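Presented below is the structure to which this report refers.
4 protein chains.
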Amino acid sequence: MVIAVIGGSACSREEGEMAEAVGREIARRDAVLICGGLTGVMEAACRGARAEGGLTIGILPGADGREANPYVDIPVVSGVGYARNLAVVKSARAVIAVGGSYGTLSEIAYALADGIPVIGINTWSLRRDGKEVNEIIQADSAEDAVGKAISLKRR
Amino acid sequence: MVIAVIGGSACSREEGEMAEAVGREIARRDAVLICGGLTGVMEAACRGARAEGGLTIGILPGADGREANPYVDIPVVSGVGYARNLAVVKSARAVIAVGGSYGTLSEIAYALADGIPVIGINTWSLRRDGKEVNEIIQADSAEDAVGKAISLKRR
Amino acid sequence: MVIAVIGGSACSREEGEMAEAVGREIARRDAVLICGGLTGVMEAACRGARAEGGLTIGILPGADGREANPYVDIPVVSGVGYARNLAVVKSARAVIAVGGSYGTLSEIAYALADGIPVIGINTWSLRRDGKEVNEIIQADSAEDAVGKAISLKRR
Amino acid sequence: MVIAVIGGSACSREEGEMAEAVGREIARRDAVLICGGLTGVMEAACRGARAEGGLTIGILPGADGREANPYVDIPVVSGVGYARNLAVVKSARAVIAVGGSYGTLSEIAYALADGIPVIGINTWSLRRDGKEVNEIIQADSAEDAVGKAISLKRR
Numbered sequence: 001m002v003i004a005v006i007g008g009s010a011c012s013r014e015e016g017e018m019a020e021a022v023g024r025e026i027a028r029r030d031a032v033l034i035c036g037g038l039t040g041v042m043e044a045a046c047r048g049a050r051a052e053g054g055l056t057i058g059i060l061p062g063a064d065g066r067e068a069n070p071y072v073d074i075p076v077v078s079g080v081g082y083a084r085n086l087a088v089v090k091s092a093r094a095v096i097a098v099g100g101s102y103g104t105l106s107e108i109a110y111a112l113a114d115g116i117p118v119i120g121i122n123t124w125s126l127r128r129d130g131k132e133v134n135e136i137i138q139a140d141s142a143e144d145a146v147g148k149a150i151s152l153k154r155r
Numbered sequence: 001m002v003i004a005v006i007g008g009s010a011c012s013r014e015e016g017e018m019a020e021a022v023g024r025e026i027a028r029r030d031a032v033l034i035c036g037g038l039t040g041v042m043e044a045a046c047r048g049a050r051a052e053g054g055l056t057i058g059i060l061p062g063a064d065g066r067e068a069n070p071y072v073d074i075p076v077v078s079g080v081g082y083a084r085n086l087a088v089v090k091s092a093r094a095v096i097a098v099g100g101s102y103g104t105l106s107e108i109a110y111a112l113a114d115g116i117p118v119i120g121i122n123t124w125s126l127r128r129d130g131k132e133v134n135e136i137i138q139a140d141s142a143e144d145a146v147g148k149a150i151s152l153k154r155r
Numbered sequence: 001m002v003i004a005v006i007g008g009s010a011c012s013r014e015e016g017e018m019a020e021a022v023g024r025e026i027a028r029r030d031a032v033l034i035c036g037g038l039t040g041v042m043e044a045a046c047r048g049a050r051a052e053g054g055l056t057i058g059i060l061p062g063a064d065g066r067e068a069n070p071y072v073d074i075p076v077v078s079g080v081g082y083a084r085n086l087a088v089v090k091s092a093r094a095v096i097a098v099g100g101s102y103g104t105l106s107e108i109a110y111a112l113a114d115g116i117p118v119i120g121i122n123t124w125s126l127r128r129d130g131k132e133v134n135e136i137i138q139a140d141s142a143e144d145a146v147g148k149a150i151s152l153k154r155r
Numbered sequence: 001m002v003i004a005v006i007g008g009s010a011c012s013r014e015e016g017e018m019a020e021a022v023g024r025e026i027a028r029r030d031a032v033l034i035c036g037g038l039t040g041v042m043e044a045a046c047r048g049a050r051a052e053g054g055l056t057i058g059i060l061p062g063a064d065g066r067e068a069n070p071y072v073d074i075p076v077v078s079g080v081g082y083a084r085n086l087a088v089v090k091s092a093r094a095v096i097a098v099g100g101s102y103g104t105l106s107e108i109a110y111a112l113a114d115g116i117p118v119i120g121i122n123t124w125s126l127r128r129d130g131k132e133v134n135e136i137i138q139a140d141s142a143e144d145a146v147g148k149a150i151s152l153k154r155r
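Chains as they are written, first to last, in the numbering used here: chain A, 1 to 155; chain B, 1 to 155; chain C, 1 to 155; chain D, 1 to 155.
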């Protein structure tokens with residue numbers, strides 16, 4: 001089972017701690033962590049998963065594997081820039097967003113377009129034409145987020 | 001000057017009429033229309049631009065130029081699936097969103113990530129971590145939307 | 001009718017003159033020229049087409065339209081790096097290769113994989129497992145190359 | 001250390017046996033196998049690596065992880081079609097080509113463009129403007145190919 005963690009390449013201390021806890025919990029539940037392979041939320045999540053002996057995959061935008069953060073076990077060097085956001089979410093059973101900026105928003109959009117569950121912690125929320133769209137499932141802890149990522153079914 | 005029109009491949013009658021009016025106005029202002037090349041909002045916008053003698057470019061997701069709607073002058077067959085959403089917005093000076101679903105949201109996110117102005121008509125609105133994010137500029141008519149697309153500067 | 005011209009971003013004087021003549025001939029035959037939008041063979045071909053009043057489209061690898069050579073009418077900013085090579089050839093009815101290095105070879109491969117005719121002038125030739133593969137059609141002048149690009153059918 | 005194996009999704013029995021032997025040898029040398037994740041040479045190589053307890057990664061072109069052959073441990077669902085060929089080779093230290101058709105040729109071209117060593121077994125050979133280009137290193141057995149993949153340096 002593969003779970004994606006998405007969020008900004010720059011993040012607050014609180015977001016980093018939450019991402020690390022999410023990474024730890026993914027590894028404890030014997031899932032594989034996939035992410036965009038860079039810094040910030042991605043690095044914190046990989047560090048957490050690594051600390052628990054989990055496997056981490058980083059799908060890099062650029063053309064150089066050395067861009068990967070030091071906690072990525074398998075860097076995938078996509079060469080397609082931010083089109084790699086598609087691969088991060090499509091490769092996962094579910095996606096956990098921690099904070100995040102516009103790159104994260106594009107990943108949330110791609111996941112929801114495909115019916116892949118998105119669990120959010122302090123991330124984007126959406127209205128369309130003035131009406132709330134509640135497809136991002138809220139979680140209030142790392143355990144809650146990973147539990148939902150494992151149990152929710154793809155639409 | 002190239003302006004992108006984005007929105008769903010299925011759309012309501014009102015959205016179709018608005019997209020067609022936007023397309024007409026883009027051509028009247030001597031701008032080139034770029035879009036995803038398919039049906040719905042994309043087709044309506046191309047039909048409007050064509051009616052005013054404008055040039056229309058459709059960046060298709062698939063591998064077959066015949067997917068293009070009949071009002072696309074230049075089909076670009078990207079072969080990269082919905083990674084083509086990047087090209088639609090990055091090729092434009094500004095982006096006008098009419099309605100739209102998750103594909104449109106991914107395009108809005110990519111545009112804002114790059115500082116490309118997004119003008120919205122009955123489309124998505126965003127909060128991040130509970131706070132309003134007002135980077136999508138509201139417009140209430142086709143003329144208003146295209147006028148803003150032409151005058152707003154890239155961040 | 002859209003015809004692609006492919007070749008190196010650096011090229012010899014002879015290759016540049018040939019590419020310019022190919023661009024001129026494409027415009028004279030009322031076809032649209034598509035290319036990768038950069039320097040070398042791409043720029044020479046666009047300059048030729050522009051001199052005859054033709055329309056030129058450049059599919060750029062990067063994220064900045066200012067990378068386009070000055071003879072590109074419509075820069076498409078793909079954002080997907082050298083995955084844009086797919087779009088250059090798939091958008092065309094036929095592909096004309098002038099010289100070229102490995103990027104050009106990837107474009108030839110993508111075109112032949114899709115059954116799109118490839119006409120070559122001093123470019124790659126191929127053997128597979130020791131046997132000649134003669135799917136690249138040789139041309140000896142710009143007129144010959146463009147004539148073949150217009151008349152050959154997709155497989 | 002990650003090594004890519006590339007080749008046709010349809011292959012001869014001899015090619016399948018060779019690919020399986022290459023996969024076995026990659027795992028015996030404690031390297032990770034990356035490939036395009038589909039049938040033919042890709043499946044045979046994964047089966048070989050799996051038989052020796054190795055880790056296998058398949059970078060799929062489409063949007064459905066179930067396209068992966070049954071010997072892929074980690075399917076990466078790229079969503080970018082044959083632009084995924086970039087990721088297959090760029091993620092590897094070296095590339096081993098077994099037979100192959102035009103998709104394989106595009107991968108060889110992308111690897112050589114980046115200076116990534118390509119080792120070939122009964123695969124493409126290249127001339128440019130009539131002159132032999134000998135950058136594809138010949139191997140005559142699985143052991144020879146994998147040995148070279150491990151020892152050759154990136155240009």
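Backbone N, C-alpha and C fix where the C-beta goes; we use that ideal spot for every residue, glycine too.
Here the structure is a predicted model, which is why all the values come from computation and not from measurement.
Cβ neighbour criterion (16 or more within 10 Å) applied to residue i
i, result
"SER101/C", "buried"
"GLY10/C", "According to the sequence provided, residue 10/C is Ala. The question's Gly does not apply to it. By the neighbour-count rule (16 or more Cβ atoms within 10 Å), ALA10/C is not buried but exposed."
"GLY54/C", "buried"
"MET18/A", "buried"
"PRO70/D", "exposed"
"ALA94/D", "buried"
"ALA51/B", "exposed"
"LYS90/C", "buried"
"SER151/C", "exposed"
Whole-angstrom distance between residue j and residue i, CA atom to CA atom
i, j, result
"GLY99/B", "LEU105/B", "10 Å"
"ALA31/A", "ARG24/A", "10 Å"
"TYR2/D", "GLN138/C", "Reading off the sequence, residue 2/D comes out as Val, not Tyr. Roughly 39 Å between the two C-alpha positions."
"ILE6/A", "GLU14/B", "36 Å"
"ALA142/D", "ASP129/D", "32 Å"
"ASP114/D", "TYR110/A", "30 Å"
"GLY62/C", "ALA45/B", "27 Å"
"VAL88/B", "ILE59/B", "6 Å"
"VAL41/B", "GLY81/B", "18 Å"
"ALA92/D", "ARG155/D", "13 Å"
"VAL76/B", "SER78/D", "21 Å"
"ASP64/D", "ARG29/B", "43 Å"
"ASP140/A", "GLY36/D", "38 Å"
"ILE116/D", "GLY16/C", "29 Å"
"GLU43/A", "LYS153/B", "34 Å"
6 Å Cβ shell around residue i - same chain, five flanking residues per side excluded
i, result
"ASN122/D", "GLY99"
"ILE96/D", "VAL5, VAL22, ILE119, ALA145, ALA149"
"ILE57/D", "ILE34, ILE74"
8 Å contact criterion, which residue i and residue j should meet: CB distance rounded
i, j, result
"ALA83/A", "LEU86/B", "6 Å"
"VAL118/B", "GLU132/B", "VAL118/B to GLU132/B, Cβ: 15 Å. No contact."
Cβ shell of residue i (< 8 Å), same chain only, five flanking positions each side left out
i, result
"THR39/A", "SER9, ALA10, ASN69"
"ARG66/C", "none"
"TRP124/B", "ALA97, GLY100, THR104, LEU105, ILE108, ILE136"
"ARG127/D", "VAL133"
"SER12/B", "GLY99"
Sequence-distant residues of its chain with Cβ nearer than 7 Å to residue i (five each side left out)
i, result
"ARG47/D", "GLU20, GLY23, TYR71"
"ILE26/D", "ILE3, LEU33, ALA49, GLY54, VAL146"
Where residue i meets chain G, residues with beta-carbon distance less than 9 Å
i, result
"ALA113/B", "The question asks about chain G, but that chain is absent: this structure's protein chains are A, B, C and D."
Contact set between the segment 115 to 134 of chain A and chain B, restricted to residues whose Cβ is under 9 Å from the partner: Using a CB distance below 9 Å, the part of the segment 115 to 134 of chain A facing chain B consists of ASN122, THR123, TRP124, SER125, LEU126, ARG127, ARG128, ASP129, GLY130, VAL133, ordered along the chain.
Taking a Cβ distance cut-off of 8 Å, strictly less, list which residues of the segment 8 to 27 of chain D are near chain B, in chain order. Look at the segment 8 to 27 of chain D: it has no residue with a C-beta under 8 Å from a C-beta of chain B.
For the segment 48 to 78 of chain A, list every residue whose C-beta sits within 8 Å of some C-beta in chain C, in sequence order. Residues of the segment 48 to 78 of chain A with a C-beta less than 8 Å from any C-beta of chain C: ALA63, listed in chain order.
Any C-beta of chain A within less than 7 Å: which residues of the segment 83 to 100 of chain D qualify? If the cut-off is 7 Å between Cβ atoms, the segment 83 to 100 of chain D has ALA83, LEU86, ALA87, LYS90, SER91 near chain A.
Contact list for the segment 29 to 50 of chain B against chain D, Cβ threshold 8 Å: For the segment 29 to 50 of chain B, which is checked against every Cβ of chain D, not one residue is closer than 8 Å.
Give, in chain order, every residue of the segment 139 to 152 of chain D whose Cβ lies closer than 9 Å to some Cβ of chain C. Listed by position, the residues of the segment 139 to 152 of chain D near chain C (Cβ gap below 9 Å) amount to none.
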